[in-house]
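Residue numbers (the UniProt record's numbering): 1 to 158. For glycine and all other residues, C-beta sits at the position ideal for the given N, C-alpha and C. Since this is a predicted model, take the numbers as computed values, not measurements.
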Amino acid sequence: MQPKIEIIDDKKLIGQRLNMSFADYKIGELWRRFGPKRKEITNNLNNDLISLVVYEPTHFTDFKSTNEFERWATVEVENYNKVPPEMETFDLQGGLYAVFEYKGLNTDHSIFQYILGTWLPKSDFELDNRPHFEILGERYKNNDPESEEEIWIPIKKK
């Protein structure tokens with residue numbers, strides 16, 4: 001599986017966040033909280049959901065399943081003029097990304113093992129210290145083997 005390499009501009013996001021680790025993975029809780037409230041965001045640029053992760057710089061070099069990270073459930077917006085209560089803003093810094101088209105269950109993490117353990121070491125790139133994210137578009141279906149999403153990994157030249 002080969003990614004597209006893309007450069008994106010900065011993005012404005014509105015959503016909710018929750019700290020978690022892989023050992024104490026609370027992504028379901030985050031999306032259950034965000035789901036009913038996302039309709040309060042009225043200046044969306046599209047209907048896509050963005051599941052974003054902010055890792056500490058040493059997260060992967062000193063990996064433990066208990067390492068905490070910040071997970072966001074968001075949508076991209078035009079501006080921050082109308083931020084609903086209980087929501088926060090996030091400025092996603094643009095840059096170079098490897099974009100993987102993924103089809104399958106969202107609970108199958110082997111795609112990330114492939115990206116970080118196989119593709120990345122053999123590529124001309126290394127991880128950049130910027131957020132990772134998935135775009136959950138119209139073909140995304142939670143817990144469905146036919147679900148499709150885009151996985152965006154921040155990279156820089158080695």
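What's the call for residue i, buried or exposed, on a 16-neighbour Cβ count within 10 Å?
| i | result |
| --- | --- |
| F60 | exposed |
| I41 | buried |
| Y25 | exposed |
| H109 | exposed |
Between residue i and residue j, what straight-line distance do the alpha-carbon atoms span, to the nearest angstrom?
| i | j | result |
| --- | --- | --- |
| L52 | T107 | 16 Å |
| S123 | Y114 | 12 Å |
| R71 | G15 | 10 Å |
| L120 | E29 | 30 Å |
| F34 | E126 | 32 Å |
| P145 | L136 | 14 Å |
| E149 | Q2 | 15 Å |
| F63 | E56 | 11 Å |
| K39 | E101 | 27 Å |
| D9 | K157 | 18 Å |
One question on the structure: do residue i and residue j come within less than 8 Å of each other, judged by their Cβ atoms?
| i | j | result |
| --- | --- | --- |
| residue 187 | E138 | Absent from the model: residue 187. The displayed extent of the chain is 1 to 158, so no value can be given. |
| residue 159 | N43 | Any question about residue 159 goes unanswered here, given that the chain covers just 1 to 158. |
| L49 | V83 | no |
| V77 | K12 | yes |
| L89 | S21 | It is worth fixing the name first, because residue 89 is Thr in this sequence and not Leu. No, Cβ-Cβ distance for T89 and S21 is not below 8 Å. |
| E68 | N142 | no |
Quick one: residues in its chain with C-beta nearer than 7 Å to the C-beta of residue i, no 5 flanking neighbours on either side, listed in chain order?
| i | result |
| --- | --- |
| R130 | Q93, G95 and P154 |
| A23 | S65 and T66 |
What residues in its chain sit with their C-beta under 6 Å from that of residue i, if we drop five residues either side in the sequence?
| i | result |
| --- | --- |
| W31 | A73 |
| I7 | L96 |
Can you list, in chain order, the residues of its chain whose CB lies under 8 Å from that of residue i, leaving out five sequence neighbours each side?
| i | result |
| --- | --- |
| K37 | Q16, P84, E86 and M87 |
| G104 | I111, P145 and S147 |
Can you list, in chain order, the stretches of the beta strand (DSSP E) that have 3 or more residues and sit fully within the stretch 36–66?
49–54
Let me know the beta strand (DSSP E) ranges lying completely inside the stretch 63–147, each 3 residues or longer, listed in chain order.
For the stretch 63–147, whole beta strand (DSSP E) runs of length 3 or above, ordered along the chain, are 68–76, 88–92, 95–103, 125–127 and 132–136.
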